[in-house]
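Residue numbers (our numbering): 461 to 715.
Glycine residues also receive a C-beta, built at the ideal position from the N, C-alpha and C atoms.
Since this is a predicted model, take the numbers as computed values, not measurements.
In what follows, a single structure is set out as structure tokens and then discussed.
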Amino acid sequence: MNKLLILLFWILLVGCCREPKLLKNGLTKSASQITEYTILIKRDSLNNESQDTLMLREKIYNDNHQIINLFQRTFFDNEKMEINYSYNELNKIKKEVVKMSTDSLPFMVNYNYKDTLLYQSKAIVNYPNEKFEQIETYYYRKDNTKEKSKTTQLFIDLKSSDTIRNSVSTTYFDKNEIATKVETVHKPDSKRNRKIVYEYDCQKLIGLKEFNENDSLISTFKYEYDLDKFDNWIAKRIYENGKIDRLLTREIEYK
């Protein structure tokens with residue numbers, strides 16, 4: 461009987477996730493900064509491989525493992541973006557100030573709470589000829605775990621009064637508040653509707669599948685990682701439909 465109990469315990473132990481505990485920034489150890497590069501893998505007609513750096517992204521963290529500044533540069537158009545984050549007295553996100561190199565004025569993303577639960581984030585930007593609005597609303601289970609969020613995006617050309625974008629994206633979360641699926645509906649262009657289903661190994665994203673408006677599979681992505689000695693990834697290879705498409709590398713400055 462004791463041997464049977466030991467065997468059952470071992471089976472349960474092997475089958476359980478034994479991922480290291482993650483901090484708020486998704487790392488296992490405190491860090492002050494992360495520098496990340498996104499590299500596109502291209503092939504010519506002879507299947508010769510080349511690399512093209514698409515983007516640089518730098519993130520700076522406070523002592524509470526929360527991001528306080530993000531700087532991003534895209535090399536193909538030489539555009540820059542900077543986001544500064546602020547938090548309330550409960551150390552919950554309160555505001556983002558977003559500065560784009562193409563715009564003279566920054567815009568704000570404000571976060572609102574009901575009790576201690578995040579209820580909604582909202583950004584409304586009025587340009588001389590365009591208006592952009594994004595609102596994300598969060599929904600919770602009875603035990604206060606996040607169940608889903610809905611993001612609406614509205615982009616209007618004020619000169620022509622044409623709606624450039626009108627979409628609703630619904631993200632579903634499991635009881636560990638890990639995103640499992642995203643469904644996006646475009647109005648009125650239903651041909652752009654998409655569904656993305658995520659695949660995990662414990663809490664590590666290892667793949668996703670993308671479906672079109674008819675629920676037909678159109679793309680499959682797989683992820684491979686190289687880890688440092690603290691079990692944080694420093695290289696991520698993304699394969700689309702079996703062929704490597706992108707390489708992400710990051711340098712982590714630990715405290």
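Measure how close the beta-carbons of I694 and T680 come, nearest whole angstrom, since I'm counting them as under 8 Å. Counting from one through the sequence shown, the residue named residue 694 turns up at place 234. Counting from one through the sequence shown, the residue named residue 680 turns up at place 220. The Cβ separation is near 25 Å, so there is no contact.
Could you say if the stretch 685-693 and the stretch 668-676 meet the contact criterion of at least three C-beta pairs nearer than 8 Å? Here the stretch 685-693 does not lie against the stretch 668-676, with fewer than 3 beta-carbon pairs under 8 Å apart.
So what does DSSP say about S492, is it helix, strand or coil? Sequence index remark: in the sequence shown, residue 492 carries index 32 (1-based). Secondary structure of S492 (DSSP, three-state): strand.
To the nearest whole angstrom, what separates the beta carbons of Q493 and E509, a pair I think is in contact under 8 Å? Position 33 of the sequence shown, counted from the first residue, corresponds to residue 493. Position 49 of the sequence shown, counted from the first residue, corresponds to residue 509. Wrong, their Cβ atoms sit about 30 Å apart, outside the cutoff.
Straight-line Cα distance separating S609 from Y579: One-based indexing of the sequence shown puts residue 579 at position 119. One-based indexing of the sequence shown puts residue 609 at position 149. When the Cα atoms are used, Y579 and S609 turn out to be separated by approximately 9 Å.
Using the C-alpha atoms, what's the distance from R654 back to K619? Counting from 1 along the sequence shown, the entry for residue 619 is found at position 159. Counting from 1 along the sequence shown, the entry for residue 654 is found at position 194. Going from the Cα of K619 to the Cα of R654 covers about 29 Å.
Nearest-angstrom Cβ-Cβ length linking T640 and D649, presumed shorter than 8 Å: Stepping through the sequence shown from its first residue, residue 640 is reached at position 180. Stepping through the sequence shown from its first residue, residue 649 is reached at position 189. 26 Å between Cβ atoms; not a contact.
Based on Cα-Cα distance, which residue from F671, G667, Q663 lies nearest to R652? Reading the sequence shown from its first residue, position 192 is the one you call residue 652. Looking at the Cα atoms, F671 is the closest of the given residues.
Taking Y573 as the reference, which of Y660, K552, L514 has the closest Cα? Start at 1 with the first residue of the sequence shown, and residue 573 comes out as number 113. Out of Y660, K552, L514, K552 has the C-alpha closest to the C-alpha of Y573.
N- and C-terminal bounds of the beta strand (DSSP E) containing L483: Numbered from 1 along the sequence shown, position 23 holds the residue referred to as residue 483. No beta strand (DSSP E) contains L483, which DSSP labels as neither H nor E.
Check whether the Cβ atoms of E596 and T611 sit closer than 8 Å, and answer yes or no. Counting from one through the sequence shown, the residue named residue 596 turns up at place 136. Counting from one through the sequence shown, the residue named residue 611 turns up at place 151. Yes, the Cβ-Cβ distance between E596 and T611 is below 8 Å.
Whole angstroms are fine: how far does the CA of F615 sit from the CA of K602? The count along the sequence shown starts at 1 and reaches residue 602 at position 142. The count along the sequence shown starts at 1 and reaches residue 615 at position 155. When rounded, the distance between both Cα atoms is 34 Å.
Can you tell which of F690, D691, E637, G702 has the C-alpha that lies nearest to the C-alpha of K669? As a first step, residue 669 is located in the sequence shown; it is residue number 209 there, counting from the start. Per the Cα distances, G702.
Work out the CA separation of D575 and T605 for me, nearest whole Å. Reading the sequence shown from its first residue, position 145 is the one you call residue 605. Reading the sequence shown from its first residue, position 115 is the one you call residue 575. Looking at the two C-alpha atoms, the distance is approximately 14 Å.
With DSSP as the reference, please indicate the residues paired to L614 in a beta bridge. Your numbering for residue 614 matches position 154 in the sequence shown. According to DSSP, which records beta bridges pairwise, L614 is partnered with E593, N626.
In three-state terms, what does DSSP make of R601? As a working note, residue 601 is residue 141 in the sequence shown. Assigned with DSSP and collapsed to three states, R601 falls in coil, not helix or strand.
Considering only the alpha carbon of each residue, which of I624, L565, L577, K647 lies closest to F592? In the sequence shown, counting from the first residue as 1, residue 592 sits at position 132. Ranking I624, L565, L577, K647 by CA distance to the CA of F592 puts I624 first.
In angstroms, rounded to a whole number, what distance separates the CA positions of E479 and S564? In the sequence shown, the residue the question calls residue 479 occupies position 19. In the sequence shown, the residue the question calls residue 564 occupies position 104. Their backbone Cα atoms lie some 44 Å apart in a straight line.
Is DSSP giving S581 helix, strand or coil here? Within the sequence shown, the letter at position 121 stands for residue 581. In the structure shown, the three-state DSSP call for S581 is strand.
DSSP three-state label for I698, please. Indexing the sequence shown from 1 puts residue 698 at position 238. Strand at I698.
Expected contact under 8 Å - CB spacing of F531 and E542 to nearest Å: By one-based count along the sequence shown, residue 531 stands at place 71. By one-based count along the sequence shown, residue 542 stands at place 82. The Cβ separation is near 5 Å, so the contact holds.
Distance check for P588 and N636, CA to CA, integer angstroms please. Reading the sequence shown from its first residue, position 176 is the one you call residue 636. Reading the sequence shown from its first residue, position 128 is the one you call residue 588. About 43 Å.
Which of helix, strand or coil DSSP assigns to K647: Mapped onto the sequence shown, residue 647 falls at position 187. The three-state secondary structure of K647, taken from DSSP, is coil.
Just to confirm before moving on: does the CB-CB distance between L514 and I499 stay below 8 Å? Along the sequence shown, read from residue 1 onward, the residue named residue 514 stands at position 54. Along the sequence shown, read from residue 1 onward, the residue named residue 499 stands at position 39. In contact: L514 and I499 (Cβ atoms closer than 8 Å).
Determine the contact status of Y742 and K682, defining contact as a CB-CB distance below 8 Å. There is simply no residue 742 to check, as the chain begins at 461 and stops at 715 in what is shown.
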